[in-house]
Amino acid sequence: MSPINKTSNNLKLVVLISDTGTGTNLRAIIDGINAGKIKAEICTIVSDTENALGLEHAKKYNLKVEICFKKENLLALLQKLNPDYVCLAGWKQIILDEVILAFPNKILNLHPGLIPDTVDGDIKNPDGTIALWNKGMLADKAIANFLDKKATFAGSSVHFLTLNFDFGPVLGRTFEKIEPNDNVESLYTRLKKKENTLYVEVLEKLCK
146 MSPINKTSNN LKLVVLISDT GTGTNLRAII DGINAGKIKA EICTIVSDTE NALGLEHAKK
206 YNLKVEICFK KENLLALLQK LNPDYVCLAG WKQIILDEVI LAFPNKILNL HPGLIPDTVD
266 GDIKNPDGTI ALWNKGMLAD KAIANFLDKK ATFAGSSVHF LTLNFDFGPV LGRTFEKIEP
326 NDNVESLYTR LKKKENTLYV EVLEKLCK
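Letter by letter, the sequence shown follows residues 146 to 353 of the numbering used here.
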């Protein structure tokens, strides 16, 4: 199967995946394209390993795949592909500064925390409490931090990658209320569904 809406008029997306992700954001993007919400096409899926779960989606939908084992090779690959946007979806390699500088406001990242609009600013949860940024934390550690800090809400942000680590123009945020009996798995399961929806909504706006 191939994603619909694949025409020369659509924007080109490259999605970066690895074996640390489960492929849900990639699947959400594919579904968003097929539903006509995202006016774009995935020109290539780039993985840093041949064992990424997301590669099953690539195979199912006949999407082109490139394997990039070394972070030093990513810039040349992306320059060859020349995408309109690069979507990180479970990518574990460090994105080198040279890549960020070559694709300003084109690399989207989903961070498991509530990134403020300014470095010294705050984001409020729906109940008015201060939201946690979770700067420098990966998924499981970030979710655990929401619970350890007794936060009332968990949340995630989609933002453009910048040279300032885990900070950049925020394109969208989502919140999930923390329940009394939540653990990392139960909380992240609910939040992940909202993350998938958020990613599609952000791309829908960018690709109009």
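Think of the CB as a built atom: it goes at the ideal place given N, C-alpha and C, for glycine as much as any other residue. Treat the numbers as computed from the prediction; the structure is a model and nothing was measured.
| Query | Result |
| --- | --- |
| Between which two residues does the beta strand (DSSP E) holding residue 185 run? | 185-192 |
| Reducing DSSP to helix, strand and coil, say where residue 317 ends up. | strand |
| For residue 344, which of helix, strand or coil comes out of DSSP? | helix |
| Rounded to whole angstroms, what is the Cα-Cα separation between residue 297 and residue 158? | 35 Å |
| Alpha carbons only, please: which of 178, 165, 173, 162 is nearest the one belonging to residue 340? | 173 |
| CB residue 336 to CB residue 299, shorter than 9 Å? | yes |
| Helix, strand or coil for residue 302 per DSSP? | strand |
| Taking 8 Å as the limit between beta carbons, can you name the residues of its chain near residue 323, skipping five residues before and five after? | 291, 292, 296, 297, 298, 299, 332 |
| Per the DSSP calculation, residue 269 is bridged to which residue(s)? | 275 |
| For residue 105, which residues in the same chain have their Cβ closer than 8 Å to its Cβ, ignoring the five residues on either side in sequence? | The chain is shown only over 146 to 353; residue 105 falls outside these bounds and no answer can be derived. |
| Whose C-alpha, out of 233, 217, 181, is nearest the C-alpha of residue 304? | 233 |
| Based on DSSP bridge pairs, tell me the residues matched to residue 364. | No information on residue 364 is available, as it lies outside the stretch 146 to 353 that the chain covers here. |
| Beta-carbon separation of residue 259 and residue 320 under 9 Å? | yes |
| What is the DSSP secondary structure of residue 239, counted as helix, strand or coil? | coil |
| Would you report the Cα separation of residue 175 and residue 284, rounded to the nearest angstrom? | 22 Å |
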